[in-house]
Amino acid sequence: MARKRNPNGAGSIWQRKDGRYEARVYVPQPDGTRARKTVYGATWEECDAKRQELVRRDRQGIPTPTRSAKLSEWLPYWLEQFVKGDRKKTTYAKYETHVRLYLIPNIGTKRLENLGAADVRRMLAAVSTQASPATAKESHRVLRSALSAACREELISRNVVKLVPAPRVEQRELKPWDLEQTTTFLEAARGDALYAAFVLAVALGLRRGEVLGLRWSDIDLERRTLTVRNQIQRVQNELYADSTKNRRSRVIPLPLMCVPPLRWQRLRQAAQRDSAGQDWQDSSYVFTTRSGRTVEPMNLSRSFQRLTEAARLPRIRLHDARHGCATLLFAAGVPARVVMEILGHSQIAVTMNIYTHVSDERRREAMGHMDRLLRRRPMTN
Numbered sequence: 003m004a005r006k007r008n009p010n011g012a013g014s015i016w017q018r019k020d021g022r023y024e025a026r027v028y029v030p031q032p033d034g035t036r037a038r039k040t041v042y043g044a045t046w047e048e049c050d051a052k053r054q055e056l057v058r059r060d061r062q063g064i065p066t067p068t069r070s071a072k073l074s075e076w077l078p079y080w081l082e083q084f085v086k087g088d089r090k091k092t093t094y095a096k097y098e099t100h101v102r103l104y105l106i107p108n109i110g111t112k113r114l115e116n117l118g119a120a121d122v123r124r125m126l127a128a129v130s131t132q133a134s135p136a137t138a139k140e141s142h143r144v145l146r147s148a149l150s151a152a153c154r155e156e157l158i159s160r161n162v163v164k165l166v167p168a169p170r171v172e173q174r175e176l177k178p179w180d181l182e183q184t185t186t187f188l189e190a191a192r193g194d195a196l197y198a199a200f201v202l203a204v205a206l207g208l209r210r211g212e213v214l215g216l217r218w219s220d221i222d223l224e225r226r227t228l229t230v231r232n233q234i235q236r237v238q239n240e241l242y243a244d245s246t247k248n249r250r251s252r253v254i255p256l257p258l259m260c261v262p263p264l265r266w267q268r269l270r271q272a273a274q275r276d277s278a279g280q281d282w283q284d285s286s287y288v289f290t291t292r293s294g295r296t297v298e299p300m301n302l303s304r305s306f307q308r309l310t311e312a313a314r315l316p317r318i319r320l321h322d323a324r325h326g327c328a329t330l331l332f333a334a335g336v337p338a339r340v341v342m343e344i345l346g347h348s349q350i351a352v353t354m355n356i357y358t359h360v361s362d363e364r365r366r367e368a369m370g371h372m373d374r375l376l377r378r379r380p381m382t383n
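First residue of the sequence shown: 3, per this note's numbering; consecutive thereafter.
Rendered as structure tokens:
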């Protein structure tokens, strides 16, 4: 049979001495290079169908390994092609850390289709020993996501990570401050330069990055509303503004207690602007340094810890003040759906399962209701 010509880059087909047909096409590899892939068919039509499939994948930018890729090849490619442009920088940085420190050192030499459940279990055990079960659980999630992408790209037929359960991690017991401790902290912080920031974190449950990402245009003191649109994040050496965690903005009514601190902050910042003169860097953020620059997220946490120690309060994270806000709102009888909207959760299960803490007083009150209910009816045999 005469050899048929195909367009440039579409490969070619010829008949072998053994009677079969052979085609070769240059295709992209997981590491970004190109290599020649060979396919065979009993007939010209069968071989051409395989050739056309290779060309289709090539034009869509889908890698077709000439040999099975190793995890050490696929994982960096997955990070660059599937994660970097689609996920937040913080997510990419976290995934990259797990790939570099835990996945490649433990299973990087394994090829995609040869990776077995036993290999995954050994990796999880090694990471649990090297770091912690919580870190191993996160590595499990990263590897599962990477292999799911490999399945979608038809590089492997199944995701073996789904066959291996993630390590169990004991939930950290949350002990946010009660109402008295919270008011004690706010009194201790009253003279601090970041007092208004702490008021917003405590009263509204804003995340650290959301507090620092507030601009004056996001706050309407007359109507007493605050719009959360952005957050300030630091990833490695970059300090940048990003969208909120769930990429959605939310409007929160401002309690009266938040208005005076924000007015004071605006006056204080105006005085700093006048003092800095030409050195002032106008960023329009509510909370800035003396020269108008963005406040480092870690510096906000350090100030929080310093004030906590000065007030002789139990040591908690700044993020735990967010937990405390949810607990106080629930204690005040605010519906769960409303609490979810205020805190900016994407699912109500997060609000109910993680960010609420039932105090001893609330438990005693609940049992008191039960006691009163049951006493109404005489006990009968």
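Even glycine gets a Cβ: it sits at the ideal position worked out from N, Cα and C.
Distance between residue j and residue i (C-alpha atoms, nearest Å)
i       : j       : result
Leu-206 : Asp-284 : 26 Å
Gly-118 : Val-162 : 6 Å
Arg-124 : Asn-108 : 8 Å
Leu-73  : Gln-233 : 34 Å
Glu-193 : Leu-269 : The sequence as given places Gly at residue 193; Glu does not occur at that position. Rounded to the nearest angstrom, the two C-alpha atoms are 14 Å apart.
Ala-333 : Glu-212 : 24 Å
Pro-30  : Glu-298 : 42 Å
Thr-227 : Tyr-242 : 25 Å
Asn-8   : Ser-150 : Unreliable placement is indicated for Asn-8, whose pLDDT of 48 sits below 50; the coordinate value is still reported in the next sentence. Approximately 34 Å, taken between the alpha carbons.
Arg-17  : Tyr-28  : Arg is not the amino acid found at residue 17; the sequence shown has Gln there. Cα-Cα distance, rounded: 19 Å.
Ala-71  : Leu-114 : 6 Å
Gly-21  : Arg-38  : 22 Å
Asp-244 : Thr-93  : 12 Å
Arg-275 : Leu-302 : 20 Å
Leu-330 : Ala-323 : 10 Å
Val-101 : Val-237 : 17 Å
Thr-68  : Ala-133 : 36 Å
Glu-75  : Val-352 : 36 Å
Val-230 : Ser-286 : 14 Å
Leu-208 : Arg-146 : 31 Å
Ile-106 : Thr-99  : 10 Å
Leu-264 : Asp-60  : 57 Å
Met-354 : Gln-62  : 43 Å
Ala-195 : Pro-135 : 39 Å
Met-300 : Glu-240 : 13 Å
Lys-177 : Cys-153 : 42 Å
Burial state of residue i (16 or more Cβ within 10 Å)
i       : result
Ile-221 : buried
Gln-173 : exposed
Val-41  : buried
Gln-267 : buried
Ala-25  : buried
Arg-210 : buried
Gly-215 : buried
Leu-258 : exposed
Val-336 : exposed
Thr-35  : exposed
Ile-318 : buried
Ile-158 : buried
Gly-326 : buried
Ala-203 : buried
Gln-328 : Correcting the residue type first, residue 328 is Ala in the shown sequence and not Gln. By the neighbour-count rule (16 or more Cβ atoms within 10 Å), Ala-328 is buried.
Ala-51  : exposed
Beta-carbon contacts of residue i that lie in its chain and below 8 Å, excluding the five residues immediately before and after
i       : result
Thr-45  : Tyr-23
Asn-116 : Ser-70
Asn-248 : Gly-346, His-347, Ser-348
Ala-338 : Phe-332, Ile-350, Thr-353, Met-354
Ser-219 : Ser-286
Beta-carbon proximity list for residue i, same chain, < 7 Å, skipping 5 on both sides
i       : result
Ala-191 : Tyr-197, Phe-200, Leu-309
Lys-19  : none
Asp-121 : Ile-109, Lys-112
Ser-293 : Ala-278, Asp-281, Trp-282, Gln-283
Ala-313 : Thr-186, Phe-187, Ala-190
Tyr-97  : Leu-81, Val-85, Val-144
Val-261 : Leu-223, Arg-226
Leu-315 : Trp-179, Gln-183, Thr-186, Phe-187
Glu-393 : Because the chain is modelled from 3 through 383, residue 393 falls outside the range shown and cannot be assessed.
Ala-290 : Per the sequence presented here, residue 290 reads as Thr, with Ala not at that position. Same-chain partners within the cutoff: Gln-271, Thr-296, Val-297.
Arg-217 : Ser-286, Tyr-287, Val-288
Other residues of its chain near residue i: CB distance less than 6 Å, five sequence neighbours each side excluded
i       : result
Cys-49  : Ile-15, Tyr-23, Ala-25, Gly-43
Tyr-104 : Val-129, Ser-141
Pro-320 : For clarity, residue 320 is Leu in the given sequence; the question names Pro instead. Excluding residues within five positions, the ones whose Cβ falls inside 6 Å are Arg-210, Ser-303, Phe-306.
Problem set entry | Runs of alpha helix (DSSP H) lying entirely within the region 90 to 130, each at least 4 residues, in chain order | Unbroken alpha helix (DSSP H) stretches of 4 residues or longer found wholly inside the region 90 to 130: 91 to 100, 106 to 109, given in chain order.
Problem set entry | Cβ contact (3+ pairs, closer than 8 Å) linking the region 162 to 174 and the region 304 to 315 | These segments do not touch.
Exercise. With contact counted as at least three CB pairs below 8 Å, one residue from each stretch, are the region 180 to 194 and the region 129 to 142 in contact?
Worked result: When C-beta atoms of the region 180 to 194 are compared with those of the region 129 to 142, fewer than three pairs fall below 8 Å, so the two segments do not count as touching.
Problem set entry | 4-residue-minimum alpha helix (DSSP H) runs that sit fully inside the region 137 to 197, ordered along the chain | As far as the region 137 to 197 is concerned, its whole alpha helix (DSSP H) runs of at least 4 residues are 181 to 191.
Problem set entry | the region 48 to 60 touching the region 78 to 97, judged by at least three CB pairs closer than 8 Å | Result no; under three Cβ-Cβ pairs closer than 8 Å.
Exercise. Is the region 334 to 352 touching the region 247 to 264, taking contact as three or more C-beta pairs under 8 Å?
Worked result: With the cut-off at 8 Å, the region 334 to 352 and the region 247 to 264 touch.
For this session: Identify every run of the beta strand (DSSP E) within the region 235 to 277, keeping only runs that are complete inside it and at least 3 residues long; order them along the chain.
Result: Counting whole runs of 3 or more residues, the region 235 to 277 contains the beta strand (DSSP E) stretches 240 to 245, 252 to 255.
Problem set entry | Any alpha helix (DSSP H) of 4 or more consecutive residues that is wholly inside the region 291 to 317 | List check, alpha helix (DSSP H) in window: 299 to 312.
Problem set entry | Ordered list of alpha helix (DSSP H) runs contained in the region 33 to 90, each at least 4 residues | Annotation: the region 33 to 90 contains the following complete segments of the alpha helix (DSSP H) (minimum length 4 residues), in chain order: 46 to 61, 73 to 80.
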